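Undergrad: Going by the numbering used here, the first residue of the sequence shown is number 1, and it counts up by one from there. All C-beta atoms in this analysis are idealised placements derived from N, C-alpha and C, irrespective of residue type, glycine included. None of these values were measured; they are calculated from a predicted model. Mind having a look at this structure? Questions to follow.
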Amino acid sequence: MFPTLMLWVGDISSPSHLGRFSSYLTTFGFLGQFFAPIFLDPVLKSLGINEVFLVASLASMAGLVFSLLNLSRRKS
(Lines of atoms letter the chains of each structure in order from A; the text may use other names.)
(Lines give C-alpha, C1' and ligand atoms only; values in the text may rest on other atoms or scores of the structure.)
Protein backbone atom coordinates (compact mmCIF):
# COMPACT_ATOMS: atom_id res chain seq x y z
CA MET A 1 0.00 0.00 0.00
CA PHE A 2 2.72 2.46 0.93
CA PRO A 3 4.69 2.18 -2.35
CA THR A 4 1.46 2.64 -4.29
CA LEU A 5 0.67 5.81 -2.35
CA MET A 6 4.19 7.09 -2.95
CA LEU A 7 3.76 6.57 -6.71
CA TRP A 8 0.40 8.34 -6.61
CA VAL A 9 1.92 11.31 -4.77
CA GLY A 10 4.71 11.38 -7.34
CA ASP A 11 2.21 11.44 -10.18
CA ILE A 12 0.03 14.25 -8.84
CA SER A 13 2.67 16.57 -7.39
CA SER A 14 4.87 18.94 -9.29
CA PRO A 15 8.59 18.10 -9.44
CA SER A 16 9.42 21.12 -7.30
CA HIS A 17 7.16 19.85 -4.48
CA LEU A 18 7.81 16.11 -4.78
CA GLY A 19 10.20 15.93 -1.83
CA ARG A 20 7.87 17.87 0.42
CA PHE A 21 4.80 15.76 -0.37
CA SER A 22 6.63 12.45 -0.13
CA SER A 23 7.99 13.48 3.27
CA TYR A 24 4.46 14.38 4.41
CA LEU A 25 3.25 10.95 3.36
CA THR A 26 6.09 9.23 5.19
CA THR A 27 5.66 11.33 8.32
CA PHE A 28 1.92 10.74 8.61
CA GLY A 29 2.34 7.05 7.80
CA PHE A 30 4.79 6.55 10.65
CA LEU A 31 2.73 8.71 13.02
CA GLY A 32 -0.28 6.53 12.25
CA GLN A 33 1.70 3.38 12.97
CA PHE A 34 2.81 4.85 16.29
CA PHE A 35 -0.48 6.33 17.51
CA ALA A 36 -2.94 3.69 16.25
CA PRO A 37 -2.22 1.20 19.06
CA ILE A 38 -2.32 3.97 21.66
CA PHE A 39 -5.71 5.28 20.55
CA LEU A 40 -7.37 2.03 19.52
CA ASP A 41 -6.24 -0.27 22.35
CA PRO A 42 -8.93 1.04 24.75
CA VAL A 43 -11.56 0.38 22.08
CA LEU A 44 -10.19 -3.14 21.59
CA LYS A 45 -10.22 -3.92 25.29
CA SER A 46 -13.70 -2.57 25.90
CA LEU A 47 -15.59 -3.46 22.71
CA GLY A 48 -13.67 -5.90 20.52
CA ILE A 49 -11.76 -6.17 17.27
CA ASN A 50 -14.73 -5.49 14.98
CA GLU A 51 -15.34 -2.16 16.66
CA VAL A 52 -11.66 -1.23 16.29
CA PHE A 53 -12.04 -1.50 12.53
CA LEU A 54 -15.34 0.37 12.70
CA VAL A 55 -13.80 3.25 14.66
CA ALA A 56 -10.78 3.37 12.34
CA SER A 57 -12.97 3.41 9.24
CA LEU A 58 -15.24 6.11 10.66
CA ALA A 59 -12.22 8.24 11.54
CA SER A 60 -10.86 7.75 8.02
CA MET A 61 -14.17 8.72 6.47
CA ALA A 62 -14.40 11.81 8.69
CA GLY A 63 -10.90 12.80 7.60
CA LEU A 64 -11.83 12.32 3.96
CA VAL A 65 -14.99 14.43 4.28
CA PHE A 66 -13.06 17.15 6.11
CA SER A 67 -10.37 17.15 3.43
CA LEU A 68 -12.88 17.33 0.60
CA LEU A 69 -14.77 20.19 2.26
CA ASN A 70 -11.54 22.05 2.86
CA LEU A 71 -10.49 21.49 -0.75
CA SER A 72 -13.81 22.77 -2.09
CA ARG A 73 -13.51 25.93 0.02
CA ARG A 74 -10.06 26.62 -1.38
CA LYS A 75 -11.25 26.28 -4.96
CA SER A 76 -14.16 28.70 -4.53
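#1: Return the Cβ separation of A56 and L44 in integer angstroms, given the expectation that the two are a contact with Cβ distance under 8 Å.
#2: Can you grab the Cα-Cα spacing for the pair D11 / R20, in whole Å?
#3: Please go through the region 45-76 and give each complete alpha helix (DSSP H) segment of 4 or more residues, from N-terminal end onward.
TA: Let me lay it out:
#1: So it is not a contact: roughly 11 Å between Cβ atoms.
#2: 14 Å
#3: Under the rule that a run must span 4 or more residues, the alpha helix (DSSP H) segments found entirely inside the region 45-76 read 49-75.
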